[in-house]
Amino acid sequence: MTGTADFNEVFLEGVRVPITNTVGKRGQGWQVSRSTLKHERALIGGASINRRVFDGVLMMAMSTQLRGQTAIKDPIIRDRMVDLEAKLRASEYHGYRQLTMSARGEEQGMAGLVSKLYSTQLGYDIGMLAMDVMGDRSALGNGEPDAPFAGMLVTAYMWSLGVLIAGGAANIQRNIIAERGLGLPRDAAASRR
52 MTGTADFNEV FLEGVRVPIT NTVGKRGQGW QVSRSTLKHE RALIGGASIN
102 RRVFDGVLMM AMSTQLRGQT AIKDPIIRDR MVDLEAKLRA SEYHGYRQLT
152 MSARGEEQGM AGLVSKLYST QLGYDIGMLA MDVMGDRSAL GNGEPDAPFA
202 GMLVTAYMWS LGVLIAGGAA NIQRNIIAER GLGLPRDAAA SRR
């Protein structure tokens, strides 16, 4: 959708790895992968990209005409902007809290688990607002002459769809929060599949 290859899948068959190149203990590759996914989710859960996209949407809302006035004057758009700004600030301060915990050598626990779920949904919501502000021109992609903001906000919206599933879709992340964060039992039916 964005014209870039952000996701891929690689299959390796018949590969042999010398024991000296093994990461972790033999047969415990999933534990290594879980650790890697934890760091990936932390990166995905950061607020910096959402801040840049939100600031772009704000600039666009102040300069784009929507129903005869600038979009920022539309009460519904303005209300959504305020709501998203509050959520974005909460995400940013949550990130500062996590950074402080990390600097102190403290375990982030539940704080580290919720970031990805919250931030990716927020990114999607900001992208949806951008599409609504652009109206019909939101169908114009990157590189098209009349695309608002050179198509960057359309690309940000399309990218937000992929990020929703990157590092595990929302239902996977909720299961992780329930099991690892809240200590709830794993779903027995799911583990038999």
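Every number in our numbering is 51 more than the matching position in the sequence shown, counting from 1.
The beta-carbon is built from N, C-alpha and C at its ideal position, and this holds for glycine as well.
Keep in mind it's a predicted model, so treat the numbers as computed, not measured.
- The DSSP-derived three-state label of T55 is coil.
- Put simply, the backbone Cα of G65 is about 30 Å away from that of R92.
- Taking the CA atoms as reference points, T87 sits about 50 Å from G119.
- Taking the CA atoms as reference points, G232 sits about 9 Å from G163.
- Put simply, the backbone Cα of R155 is about 15 Å away from that of H145.
- Annotation: the stretch 110-170 contains the following complete segments of the alpha helix (DSSP H) (minimum length 4 residues), in chain order: 126-154.
- N59 counts as exposed, since fewer than 16 other C-beta atoms from the protein chains shown sit within 10 angstroms of its C-beta.
- Taking the CA atoms as reference points, E157 sits about 31 Å from G213.
- Within the same chain, Cβ atoms closer than 8 Å to the Cβ of G97 are found at G146, S166, S170, the five residues on either side in sequence being excluded.
- For Q224, the enclosing alpha helix (DSSP H) covers residues 221-227.
- For L235, the secondary structure class from DSSP, reduced to helix, strand or coil, is coil.
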